[in-house]
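Structure first, then comments.
There are 2 protein chains.
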Amino acid sequence: MTPSIPTREAPFTERLADRVQSIGSRLIVGIDPVIDRFPEALRSLDPEAALAAFGHGILDAVADVAVMVKPQIAFFERYGWRGWRALQSVVEHAATRGVPVLLDAKRGDIGSTAAAYADAFFGDDPETPGPWVDALTINPYLGKDSIDPFLNRSVESHRGLFVLSRTSNPGGADFQSRATDGEPLYLGVARAATRWMAETSGADGGAYGPIGLVVGATYPEELAEVREAAPRSWLLLPGLGVQGGTAKDVVSAFDGAGLGALASSSRGIIYAYEGRDVGDWTEPVHAQAKVDRDSLQSVL
Amino acid sequence: MTPSIPTREAPFTERLADRVQSIGSRLIVGIDPVIDRFPEALRSLDPEAALAAFGHGILDAVADVAVMVKPQIAFFERYGWRGWRALQSVVEHAATRGVPVLLDAKRGDIGSTAAAYADAFFGDDPETPGPWVDALTINPYLGKDSIDPFLNRSVESHRGLFVLSRTSNPGGADFQSRATDGEPLYLGVARAATRWMAETSGADGGAYGPIGLVVGATYPEELAEVREAAPRSWLLLPGLGVQGGTAKDVVSAFDGAGLGALASSSRGIIYAYEGRDVGDWTEPVHAQAKVDRDSLQSVL
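Residue numbers (numbering that gives the first Met the number 0), protein chains in the order written: chain A, 0 to 299; chain B, 0 to 299.
See the structure below:
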């Protein structure tokens, strides 16, 4: 029972703004499934069934609150091809719930290989993640020709990209914060994203374009700098919750209409049932997602 | 008929040196499968069967010539979970042929996610790539704490890493060649790899340690710089052949014993049958791999 493939008639950033405004949320829910932490009833399933059931449960719980869900592909790849098949089930279920999918895969490779990745994640084959994914995280280390296949496909098929700028982990500073041309590399990446959009037909118009940037919610000062350097990029702000970011830390990322940024929490939401005696494990998940949504709304 | 999981009693770099010397080769054969370019008999199979059969054929053709095979995971991911299952078949077949596998996946993510990737690619579950993979390419953009899970696992289970330094594509210069602390970022990455090994028990001894570096065969000057900055890293030199690198370009990468570097060619070898009227498509593949092997041996 494969659901209908989502139609994407408007550019990604327009659809994103519509969804933000229609559900009144700036929250992304990350799906980082670790089977040892699953509710007991799911832990007894085989890993593929457990991953799929958990992902479906999270989607059902957050569909009215999350602007997008963000499955982290590593937690599926840990189970090999069966894990990928579970991911397939999760992204298809997102379509049945009408929730856009931001796949957190952080891919990056030379042009011919990047084109193969673009097929995998933005392609047409319904037996792959391609038709079910709305946006993808990518790594900029290999430069412009590694971004182009994703960018071209984003323009053609109305998808979105989030390029790593300043990641949420402490080690992010090791290379991203090194001074190059008088400013940190992460700002160089942010300016490059802005320039690449200006140079690409179909990405050069509108308040926002298809290349967003990833900046940790854990680094509010860097966030304000990136916001200024990349005025046409939606910002994805991971690290809300368990990693220590707060709604107040990310307020500088939003524009006057409360658009242009989305904050992401994973473990703090999806494992909200831990240590509680509840009948339905998805209830605390839904409740925590609403708390985080409201917390973000309150700082606008 | 799953083959026996390879035992890895000696550290990766020792096993690598033994294999280089026992087969007399410095060549890595990249497996970048594009079904449209397959021999006609394979194109009629379903994609999963075609990918697996092509990978097996390449392995059978180059098993005596290639130090390692290097499957590029993007070309499998393009076919979703079935592509991953084909990759599984290919890496298991490598074990039956006794050929070590360098998986070209270029992963990189924050610590908890990197640990999940390390499980996927260096873990024990025989239904995943984990037990069948000897070495992995990784991306340094997220810094030291994104490398640690791979490094620790490499030390424990005798695997190898190849961290991207200066990639073979023109866009590699966009960020990798920016000046930081008075030298290009790719040299900063090379020095960091050397330092990380020195700081890690089990990685700090021997002529070479578990963190190798990727430097395009297409950039001989940068290659010589990286060689000097990272004396304990094996260098992986992609871009031989179709991308324009030659054996003479890479000679500076080898030590006095002809160790410490491996050059990689993909399309120039695996599609060597194109435009030829041959009965067995693997024969030109074998012949071209021998030509490339001999060309590398001749410059030592």
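Even for Gly, the Cβ is constructed at its ideal location relative to N, Cα and C. Note that the coordinates shown come from a computational prediction; the quantities given were computed from them, not determined experimentally.
With 16 other Cβ atoms within 10 Å as the buried cut-off, status of residue i
{"i": "Pro32 (chain B)", "result": "buried"}
{"i": "Ser265 (chain B)", "result": "buried"}
{"i": "Lys247 (chain A)", "result": "exposed"}
{"i": "Ser167 (chain A)", "result": "buried"}
{"i": "Ser43 (chain A)", "result": "exposed"}
{"i": "Glu91 (chain A)", "result": "buried"}
{"i": "Glu8 (chain A)", "result": "exposed"}
{"i": "Asp45 (chain B)", "result": "exposed"}
{"i": "Ile319 (chain B)", "result": "Outside the modelled stretch of chain B, which goes from 0 to 299, sits residue 319 (chain B), for which no answer is possible."}
{"i": "Gly23 (chain A)", "result": "exposed"}
{"i": "Asp291 (chain A)", "result": "buried"}
{"i": "Glu39 (chain B)", "result": "exposed"}
Same chain, Cβ closer than 8 Å to residue i, neighbours up to 5 away in sequence not counted
{"i": "Arg190 (chain A)", "result": "Ala228, Ala229"}
{"i": "Phe11 (chain B)", "result": "Asp133, Ala134, Ser153, His157, Arg158, Gly159, Pro209"}
{"i": "Pro148 (chain A)", "result": "Gly110, Ala113, Ala114, Tyr116, Ala117"}
{"i": "Ala62 (chain A)", "result": "Arg96, Gly97, Val98"}
{"i": "Thr179 (chain A)", "result": "Gly187"}
Neighbourhood of residue i by C-beta distance below 7 Å, restricted to the same chain and skipping five residues each side
{"i": "Val154 (chain A)", "result": "Thr199, Gly201, Ala202, Pro209"}
{"i": "Val214 (chain A)", "result": "Ser164, Arg165, Glu221, Leu222, Val225, Leu234, Leu236"}
{"i": "Ser263 (chain B)", "result": "Ile27, Gly29, Lys69, Leu235, Leu236, Pro237, Leu239"}
{"i": "Phe37 (chain A)", "result": "Ala49, Phe53"}
{"i": "Phe120 (chain B)", "result": "Leu102, Ala104, Pro128, Gly129, Val132, Leu135"}
{"i": "Ser145 (chain B)", "result": "Gly107, Asp108, Ile109, Gly110, Ala113"}
{"i": "Pro2 (chain B)", "result": "Glu91, Ala94, Thr95"}
{"i": "Gln87 (chain A)", "result": "Pro128"}
{"i": "Ala197 (chain B)", "result": "Asp203"}
CA-to-CA distance, residue j to residue i, given in whole angstroms
{"i": "Leu261 (chain A)", "j": "Lys69 (chain A)", "result": "11 Å"}
{"i": "Gln175 (chain A)", "j": "Leu141 (chain B)", "result": "8 Å"}
{"i": "Gly257 (chain A)", "j": "Leu299 (chain A)", "result": "6 Å"}
{"i": "Leu15 (chain B)", "j": "Asp254 (chain B)", "result": "14 Å"}
{"i": "Thr193 (chain B)", "j": "Phe75 (chain B)", "result": "32 Å"}
{"i": "Val241 (chain A)", "j": "Gly278 (chain A)", "result": "24 Å"}
{"i": "Gly82 (chain B)", "j": "Asn151 (chain A)", "result": "24 Å"}
{"i": "Ser21 (chain B)", "j": "Val250 (chain B)", "result": "20 Å"}
{"i": "Trp80 (chain A)", "j": "Gly274 (chain A)", "result": "32 Å"}
{"i": "Ala51 (chain B)", "j": "Gly244 (chain A)", "result": "45 Å"}
{"i": "Arg231 (chain A)", "j": "Leu212 (chain B)", "result": "35 Å"}
{"i": "Gly204 (chain A)", "j": "Pro99 (chain B)", "result": "49 Å"}
{"i": "Gly303 (chain B)", "j": "Leu295 (chain B)", "result": "The structure shown does not extend to residue 303 (chain B), since chain B spans only 0 to 299, so no value can be given for it."}
{"i": "Asp293 (chain A)", "j": "Ile269 (chain B)", "result": "55 Å"}
{"i": "Gly181 (chain A)", "j": "Gly170 (chain B)", "result": "21 Å"}
{"i": "Pro5 (chain A)", "j": "Ile137 (chain B)", "result": "33 Å"}
{"i": "Asp276 (chain A)", "j": "Ala216 (chain A)", "result": "31 Å"}
Same chain, Cβ closer than 6 Å to residue i, five either side skipped, listed in chain order
{"i": "Gly56 (chain A)", "result": "Thr281"}
{"i": "Tyr185 (chain A)", "result": "Ser164, Arg165, Gln175"}
{"i": "Ala271 (chain A)", "result": "Pro283, Val284, Gln287"}
{"i": "Gly122 (chain B)", "result": "Gly129"}
{"i": "Pro219 (chain A)", "result": "Asp248"}
{"i": "Leu41 (chain B)", "result": "Ala49, Ala52, Phe53"}
{"i": "Tyr207 (chain A)", "result": "Thr12, Arg231, Trp233"}
Contact set between residue i and chain B, taken where Cβ atoms lie within less than 7 Å
{"i": "Gly107 (chain A)", "result": "Lys105, Asn138"}
{"i": "Tyr218 (chain A)", "result": "Ordered by position in chain B, no residue passes the 7 Å Cβ test against Tyr218 (chain A), which lies about 13 Å from the chain."}
{"i": "Asp118 (chain A)", "result": "Arg77"}
{"i": "Gly110 (chain A)", "result": "Asn168"}
Closer than 7 Å at the beta carbon, the chain A residues around residue i
{"i": "Ala202 (chain B)", "result": "Here the premise fails: no neighbours, minimum Cβ distance about 17 Å."}
{"i": "Ala246 (chain B)", "result": "Those within 7 Å of Ala246 (chain B) in chain A number zero; the least Cβ separation is about 21 Å."}
Under 9 Å by beta carbon: chain A residues contacting residue i
{"i": "Arg194 (chain B)", "result": "Residues of chain A passing the Cβ test: none, with the nearest at roughly 11 Å."}
{"i": "Thr1 (chain B)", "result": "Residues of chain A passing the Cβ test: none, with the nearest at roughly 13 Å."}
{"i": "Thr127 (chain B)", "result": "Glu76, Arg77, Tyr78, Gly79, Trp80, Arg81, Gly82"}
{"i": "Ala49 (chain B)", "result": "Neighbours of Ala49 (chain B) on chain A: none; closest Cβ ~14 Å, over 9 Å."}
{"i": "Ala301 (chain B)", "result": "Given that chain B is displayed from residue 0 to residue 299, the structure contains no residue 301 (chain B) and the question cannot be resolved."}
Residues that residue i contacts on chain A, provided the C-beta gap is smaller than 8 Å
{"i": "Asp254 (chain B)", "result": "None at all; the shortest Cβ gap to chain A is about 27 Å."}
{"i": "Ala9 (chain B)", "result": "Result: empty, since nearest Cβ-Cβ is about 26 Å, beyond 8 Å."}
{"i": "Ala206 (chain B)", "result": "Simply none; closest approach about 26 Å."}
{"i": "Ala228 (chain B)", "result": "Simply none; closest approach about 15 Å."}
Partner residues on chain B for residue i, Cβ-Cβ distance less than 9 Å
{"i": "Asp17 (chain A)", "result": "Going along chain B, no residue has its Cβ under 9 Å from Asp17 (chain A), so there is no contact; the nearest lies around 29 Å."}
{"i": "Ala191 (chain A)", "result": "Asp173, Phe174"}
Contact list for residue i against chain B, beta-carbon separation under 8 Å
{"i": "Asp123 (chain A)", "result": "Chain B residues near Asp123 (chain A): none, gap ~11 Å exceeds 8 Å."}
{"i": "Ala197 (chain A)", "result": "In chain order: nothing, as chain B lies at least about 16 Å away."}
| Using Cβ-Cβ distances below 8 Å, what residues of the segment 160 to 188 of chain A are close to chain B? | Leu163, Thr166, Ser167, Asn168, Pro169, Gly170, Gly171, Ala172, Asp173, Phe174, Gln175, Arg177, Ala178, Thr179, Asp180, Leu184, Gly187, Val188
Using a Cβ-Cβ cut-off of less than 8 Å, list which residues of the segment 51 to 76 of chain B approach chain A; keep chain order.
Gln71, Ala73, Phe74, Glu76
Using Cβ-Cβ distances below 7 Å, what residues of the segment 129 to 149 of chain B are close to chain A?
Asn138, Pro139, Tyr140, Leu141, Gly142, Lys143, Asp144, Ser145
- Taking a Cβ distance cut-off of 7 Å, strictly less, list which residues of the segment 259 to 290 of chain A are near chain B, in chain order. none
Between the segment 76 to 97 of chain B and chain A, which residues of the former have CB atoms less than 9 Å from a CB of the latter, in chain order?
-> Glu76, Arg77, Tyr78, Gly79, Trp80, Arg81, Gly82, Trp83, Arg84, Ala85, Leu86, Gln87
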